[in-house]
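Listed in order, the protein sequences are those of chains A and B. Taking full-length UniProt numbering as reference, the numbering of the first sequence is continuous, increasing by one, and the terminal residue is 302. Taking full-length UniProt numbering as reference, the numbering of the second sequence is continuous, increasing by one, and the terminal residue is 302.
2 protein chains.
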Amino acid sequence: MVKTAKVSASHETAGLIVHISGLLPSLSPAEQRVARLVVADPADAARRTITDLATAAETSEATVIRFCRSVGMDGYPQLRIRLAAEAARRVEPPDARVVGGDIPPGADLAQIIATIAFSDARAVEETAEQLDPAVCEQVVEAINGASRIDIYGAAASGFVASDFQQKLHRIGRTAFYFPDVHVALTSAALLGKGDVAVGISHTGTTLDAVEVLEQARARGATTVALTNFPRSPITEVADFVLTTAARETTYRSGAMASRLAQLTVVDVLFVGVAARNRARAKKALEVTAEAVQPHRVKGRRS
Amino acid sequence: MVKTAKVSASHETAGLIVHISGLLPSLSPAEQRVARLVVADPADAARRTITDLATAAETSEATVIRFCRSVGMDGYPQLRIRLAAEAARRVEPPDARVVGGDIPPGADLAQIIATIAFSDARAVEETAEQLDPAVCEQVVEAINGASRIDIYGAAASGFVASDFQQKLHRIGRTAFYFPDVHVALTSAALLGKGDVAVGISHTGTTLDAVEVLEQARARGATTVALTNFPRSPITEVADFVLTTAARETTYRSGAMASRLAQLTVVDVLFVGVAARNRARAKKALEVTAEAVQPHRVKGRRS
DNA sequence: CCACGGATGAAACTTACTTTCACGAAGGCG
DNA sequence: CGCCTTCGTGAAAGTAAGTTTCATCCGTGG
């Protein structure tokens, strides 16, 4: 009890297994048998009960407890938990992921899932990384001060535009989304100083989106572009440019990752605006949530 | 993704916390208190004894045990071990501990960006982790063989539904999305054996979505539900259930991460279907891309 | 208003963990 | 060479943790 008791304290955090095998030689024979089992398969040991482990090590429970104390644990349960944690940590990190993005022809669903998840998550992270907080700030400011916000996007970007519109609307801002270019153009013509027009286009080359921003800008409105390509045509008619960072390839040309990246930016702007009017936004969200309550099925399944 | 073999096992092994938060609404009040403690700080929960945890959750040990069973564990010790492992594997987010939670009042844009990116990316990854490839496979199969696919979703889920519809349509599948419930219901009434109806609802309690699936199922169509909560009402009318893993406080945050998670699942299904008809899908994508070419502004996009 | 079913905690119970203690083997000292 | 000491050990007693059972409570629908 006295001799090895103090060794541990500092080593507790990292490398429990290493720690154990380090002081293995200093343990008594029976304890060593326990130690070897533990080191050989920590995860398995964590699953066992003390009696079970004692039996496997051909010794008694008492010895297992002594072993626990010898390696600096309070008791068996603590050892178990530490072992479980340790074992989990040394599991291979989510390894060879198909970074490229293209789905190989023979891929099964599991591969497809992994690939998509990876590139989708990547797009979100990378987009966030390269987003300029200062620009976001200004855009939020503009939106917050606008008496009207027009949002335009076509096809896949249309969903994003529509989503953004709905979000702003939900917190009580006057926002519009027009699926039809002509309507969007006429609306843009009615914008004025202090209003905001947002154009969303992954490629940045969507003629309609460019035209809408152009029109809005001509009327004195603040124009914001959301695109993946920082030097694309749409950026030329935008006061503020927000870029996404999605790398789409063949199959993904159906705008998959880009969409998520765009939505992330929308989320940022939305939260930014909401944060400016915390109380009001919260209230609005609650009210709108209540409004749909009758459309919910009551109760839960058990 | 290393192992695809064990279908149900993979669901349990990966993302225990996610799994729990998904089941949260379907738990009884007392169990929910326990669940919240566990989700809030898994590592801490793993350290506690059952009595301790019960006290902290202001309930009895019996309830804690019931909670363990509800989330698929044998008993408390197993839960403890799993929590410890889970907590260890989890990489500490750089700064923001706010995972699904609220943005702190004083947050600046940079913080907001980091927080959102983190929880968005997390939702995507965790959703992918717990997606069951076998179920996806069957859904893909069903969609692939369907002569018609009806997709329904309301509000935020409506965008996802619409996006899915557009994607399927683009690779030449006959898919519909109806923003109007009544139209959706009449359409569902015309579905038949071999057809597919997809209902999207984050909470799983959207009455409209449930009704549409019900109707579709009554007509012999295959029904698919996409929801965050594996035991919500919508799952009762679905032949196949696909779950997302967004840990969003259900109503408050206006469906941000959940949306991305849903889109990820949509992407998986889309690619899955496309992969079955590689040549045809590719051709279709090219043709549709050409169709919008005249609407592009010419010029570089670096 | 009652019957019913689910949710819940108190208490009985079981299992797991911890402590105590006595035995026996190894080493030292008279 | 024996006797004492020390240490490692497991049996068994003791305590704490986990699990089951059951009576009660509460809301729901007849």
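Beta carbons: idealized from backbone N, C-alpha and C, even for Gly.
With a threshold of 7 Å between beta-carbons, can ARG264(B) be considered close to chain A, or not? Translated into positions along the second sequence, residue 264(B) becomes position 264. Sequence inspection shows Thr at residue 264(B); the Arg mentioned does not correspond to that position. Cβ-Cβ to chain A under 7 Å: yes for THR264(B).
Spatial neighbours of ALA35(A) within its chain, please: CB distance less than 7 Å, with the 5 preceding and 5 following residues excluded, ordered by chain position. As a first step, residue 35(A) is located in the first sequence; it is residue number 35 there, counting from the start. The residues are ILE20, LEU24, LEU27 and PHE67.
What residues from chain B crowd round PRO133(A), counting only those whose CB sits closer than 8 Å? As a working note, residue 133(A) is residue 133 in the first sequence. Going along chain B in sequence order, the residues near PRO133(A) (Cβ under 8 Å) are ASP108, LEU109, ALA110 and ILE113.
Which residues does DSSP pair with PHE176(A) in a beta bridge? On the first sequence, residue 176(A) is found 176 positions in, with the first residue counted as 1. Per DSSP, ASP150(A).
Taking GLN215(B) as the reference, which of CYS136(B), ASN228(B), ALA246(B) and VAL183(B) has the closest Cα? The residue labelled residue 215(B) in the question sits at position 215 within the second sequence. Residue VAL183(B) is the option with its Cα nearest to GLN215(B).
What did DSSP end up calling VAL241(B) once you bin it into helix, strand or coil? Locating residue 241(B) in the second sequence gives position 241, where the first residue counts as 1. Strand.
May I ask you to check if the CB of LEU83(A) is nearer than 6 Å to at least one heavy atom of the ligand FAD? Absent from the structure shown: the ligand FAD. Ligands present: none.
Rounded to whole angstroms, how far is the Cβ of LEU213(B) from the Cβ of ALA238(B), which I believe are closer than 8 Å? Counting from one through the second sequence, the residue named residue 213(B) turns up at place 213. Counting from one through the second sequence, the residue named residue 238(B) turns up at place 238. Contact flag correct, Cβ pair sits at about 6 Å.
Can you find a CB in chain A that lies within less than 7 Å of the CB of ASP120(B)? Taking the first residue of the second sequence as position 1, residue 120(B) is located at position 120. ASP120(B) counts as touching chain A.
Measure the C-alpha to C-alpha separation of VAL266(A) and PHE164(A) and round it to an integer number of angstroms. The residue you call residue 266(A) lines up with position 266 of the first sequence. The residue you call residue 164(A) lines up with position 164 of the first sequence. Those two C-alpha atoms are separated by around 6 Å.
With a cut-off of 7 Å, does the C-beta of ALA184(A) fall near any C-beta of chain B? Numbered from 1 along the first sequence, position 184 holds the residue referred to as residue 184(A). For ALA184(A), the answer is no, since every Cβ of chain B falls outside 7 Å of its Cβ.
Among residues of its own chain, excluding the 5 on either side of residue 306(B), which ones have a beta-carbon nearer than 6 Å to its beta-carbon? Limits of chain B in this structure are 1 at one end and 302 at the other, which puts residue 306(B) out of reach.
Look at LEU260(A) and ALA123(A) and say whether their C-beta atoms are less than 7 Å apart. On the first sequence, position 260 is the one that residue 260(A) refers to. On the first sequence, position 123 is the one that residue 123(A) refers to. Contact flag set, yes.
Using a Cβ-Cβ distance cut-off of 7 Å, determine whether LEU260(A) contacts chain B. As a working mapping, residue 260(A) is identified with position 260 in the first sequence. Yes - at least one Cβ of chain B is within 7 Å of the one on LEU260(A).
Counterpart residues of LEU226(A) in DSSP-defined beta bridges: Indexing the first sequence from 1 puts residue 226(A) at position 226. According to DSSP, which records beta bridges pairwise, LEU226(A) is partnered with ILE200(A) and LEU242(A).
Would you say ASP267(B) reaches chain A, if we count a Cβ-Cβ gap shorter than 7 Å as a contact? The residue labelled residue 267(B) in the question sits at position 267 within the second sequence. Yes, ASP267(B) lies at the interface with chain A (some Cβ there is under 7 Å from its Cβ).
Evaluate GLN130(B) with the Cβ neighbour count: other Cβ atoms within 10 Å of its Cβ, from every protein chain shown; 16 or more gives buried, anything less gives exposed. Position 130 of the second sequence holds residue 130(B). GLN130(B) comes out buried.
CB contact check: VAL124(A) to chain B, cutoff 7 Å: Position 124 of the first sequence, counting from 1, holds the residue named residue 124(A). It does: the Cβ of VAL124(A) has a partner Cβ on chain B nearer than 7 Å.
Check the Cβ of ASP163(A) against every Cβ in chain B and list those closer than 8 Å, keeping chain order. Here residue 163(A) refers to the residue found at position 163 of the first sequence. Taking a Cβ-Cβ cut-off of 8 Å, the neighbours of ASP163(A) in chain B comprise ALA156, PHE159 and ARG259, given in sequence order.
7 Å is my cut-off, CB to CB: does GLY272(B) come that close to chain A? Stepping through the second sequence from its first residue, residue 272(B) is reached at position 272. So, interface residue.
Provide the residue span of the alpha helix (DSSP H) that contains GLY192(A), from first to last. On the first sequence, position 192 is the one that residue 192(A) refers to. GLY192(A) -> no alpha helix (DSSP H), and no H or E assigned at all.
Any residues in the stretch 42-55 of chain B with a beta carbon nearer than 9 Å to a beta carbon of chain A? Which ones, in chain order? ALA43, ALA46, ARG47 and THR49
By the criterion of Cβ-Cβ separation under 7 Å, what are the contact partners of MET73(B) in chain A? Here residue 73(B) refers to the residue found at position 73 when the second sequence is read from its first residue. At a beta-carbon threshold of 7 Å, none of the residues of chain A lie near MET73(B); the nearest stands roughly 12 Å away.
Under 7 Å between the Cβ atoms of HIS202(A) and SER157(A)? Residue numbering aside, residue 202(A) sits at position 202 when the first sequence is read from its first letter. Residue numbering aside, residue 157(A) sits at position 157 when the first sequence is read from its first letter. Their beta carbons are under 7 Å apart, which means HIS202(A) touches SER157(A) by this criterion.
Decide if VAL18(A) is buried, meaning its Cβ has at least 16 other Cβ atoms within 10 Å, or exposed. By 1-based counting over the first sequence, the position of residue 18(A) is 18. That one is exposed.
Counting contacts by CB-CB distance shorter than 7 Å, is CYS68(B) in contact with chain A? Here residue 68(B) refers to the residue found at position 68 of the second sequence. So, not an interface residue.
Give me, in chain order, the residues of the same chain whose beta-carbon lies closer than 6 Å to that of VAL198(A); leave out the 5 immediate sequence neighbours on both sides. As a working note, residue 198(A) is residue 198 in the first sequence. Leaving aside the five residues that flank VAL198(A) on each side, the residues in its chain whose CB is nearer than 6 Å to its CB run, in chain order, ILE151 and VAL224.
If the cut is a Cβ gap below 8 Å, which residues of chain A does ILE81(B) touch? The residue given as residue 81(B) occupies position 81 in the second sequence. The answer, in chain order, is ALA46, ARG47, ARG80, ILE81 and ALA84.
Roughly how many angstroms separate the alpha carbons of ASN228(A) and PHE159(B), rounded to a whole number? Here residue 228(A) refers to the residue found at position 228 when the first sequence is read from its first residue. Here residue 159(B) refers to the residue found at position 159 when the second sequence is read from its first residue. Cα-Cα distance, rounded: 21 Å.
Tell me the residue span of the alpha helix (DSSP H) that contains THR51(A). Sequence index remark: in the first sequence, residue 51(A) carries index 51 (1-based). 50-56 is the span of the alpha helix (DSSP H), which, as asked, contains THR51(A).
Would you grab the beta carbon distance between ALA121(B) and ALA121(A) for me? Rounded to a whole angstrom, and I think it's under 8 Å. Here residue 121(B) refers to the residue found at position 121 when the second sequence is read from its first residue. Here residue 121(A) refers to the residue found at position 121 when the first sequence is read from its first residue. That belief holds up - the Cβ atoms of ALA121(B) and ALA121(A) are roughly 4 Å apart, short of 8 Å.
Distance check for ALA155(A) and SER162(B), CA to CA, integer angstroms please. Walking along the second sequence from the start, residue 162(B) turns up at place 162. Walking along the first sequence from the start, residue 155(A) turns up at place 155. Spanning the two alpha carbons is a distance of roughly 10 Å.
Where THR59(B) falls: helix, strand or coil (DSSP): The sequence position of residue 59(B) within the second sequence is 59, counting from 1. If DSSP states are grouped into helix, strand and coil, THR59(B) belongs with coil.
Neighbour flag for residue 306(B) against chain A, beta carbons, 7 Å: As displayed, chain B neither begins before 1 nor continues past 302, which places residue 306(B) out of reach and without an answer.
Buried or exposed, going by whether 16 or more other CB atoms sit within 10 Å of the CB of ARG173(B)? On the second sequence, position 173 is the one that residue 173(B) refers to. It is buried - the Cβ of ARG173(B) has at least 16 other Cβ atoms within 10 Å.
Is the number of C-beta pairs between the stretch 55-71 of chain B and the stretch 54-65 of chain A that are closer than 8 Å three or more? no
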